[in-house]
Amino acid sequence: MEAEELRARLDSANPPRLLDVRSPAEFEAAHIPGSHNVPLDTLREHCEELATYLDDDVVLVCRSGQRAGRAGEALAGAGLPGLPVLTGGVSAWERTGAPVNRGRERWDIERQVRLVAGSLVLTGAVTSFLVPGAQLLAAFVGGGLAVAAITNTCAMGVLLSRMPWNRTPSFNPREAITRLAGDNG
17 MEAEELRARL DSANPPRLLD VRSPAEFEAA HIPGSHNVPL DTLREHCEEL
67 ATYLDDDVVL VCRSGQRAGR AGEALAGAGL PGLPVLTGGV SAWERTGAPV
117 NRGRERWDIE RQVRLVAGSL VLTGAVTSFL VPGAQLLAAF VGGGLAVAAI
167 TNTCAMGVLL SRMPWNRTPS FNPREAITRL AGDNG
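FYI, in the numbering used here the residues of the sequence shown are 17 to 201.
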């Protein structure tokens, strides 16, 4: 679903619910007003339960659309096929000039992955002048990035999303699901 279409649906008499599957830290930094945050890893863990509270009038949101697409696949497996995904995610939403609730600015997961991967490659390359075989670190990271591209998944991103700086102290998966259930129509 394109951002302009979502804006029109949110202004209608029966607006859809928005399920934002980014990390709590990303959600805290910027999110579409009225959206509910259930991170992708939490959604996967509670997929069956979430499916009992959701209907087909839900739009899945993330930063770019990738994680929301994976959330849609998981929910389809729980009996909710075809949930729309905001094309281009919150980034596309913001480009249209639509309203965004802002909090503390944090780096998104993709940016953190680029920092860690780049740092590891640089470390492996520089260290290889002093330590034979250190270039294998760069090769390992390159292989991981290739696998991430081929499978459209990112193990490093999953690991980084579980780091303390990507969590908010106030995020409670049970409370998030309860809020979402309470907003059910």
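For glycine and all other residues, C-beta sits at the position ideal for the given N, C-alpha and C.
W123 and Y69 have their C-alpha atoms some 31 Å from each other. In the displayed model, D57 falls within a helix according to three-state DSSP. For L153, the uninterrupted alpha helix (DSSP H) segment begins and ends at Q151 to T167.
Judged by DSSP in its simplified three-state form, N30 adopts coil rather than helix or strand.
Between S39 and the set V77, A19 and A29, the nearest pair of CA atoms involves V77.
When rounded, the separation of the alpha-carbon atoms in A29 and A87 is 26 Å. D71 sits exposed, since fewer than 16 C-beta atoms from the chains shown fall within 10 Å of its C-beta.
Short of 8 Å from the beta carbon of A67, and not among the five residues preceding or following it, lie these beta carbons of its own chain, in chain order: L91, A94, G95 and L96.
Exposure of N168 is indicated by the presence of fewer than 16 other C-beta atoms within 10 angstroms of its C-beta. With fewer than 16 other beta carbons inside 10 angstroms of its own, G134 counts as exposed. Taking a C-beta distance under 8 Å as the contact criterion, V163 and V137 do not qualify as a contact pair. The alpha-carbon of L146 is positioned some 11 Å away from that of T139.
The three-state secondary structure of R86, taken from DSSP, is helix. Counting only runs of 4 or more residues that sit fully inside the segment 125-152, the alpha helix (DSSP H) segments are 125-143, in chain order. Nearest neighbour of L35 by Cα position, chosen from L22, S51, D27 and F43, turns out to be S51.
Residue state for V116 is assigned as coil, using DSSP reduced to three classes. Counted as a single uninterrupted DSSP element, the stretch harbouring L76 is not any alpha helix (DSSP H) but the beta strand (DSSP E) occupying residues V74 to V77.
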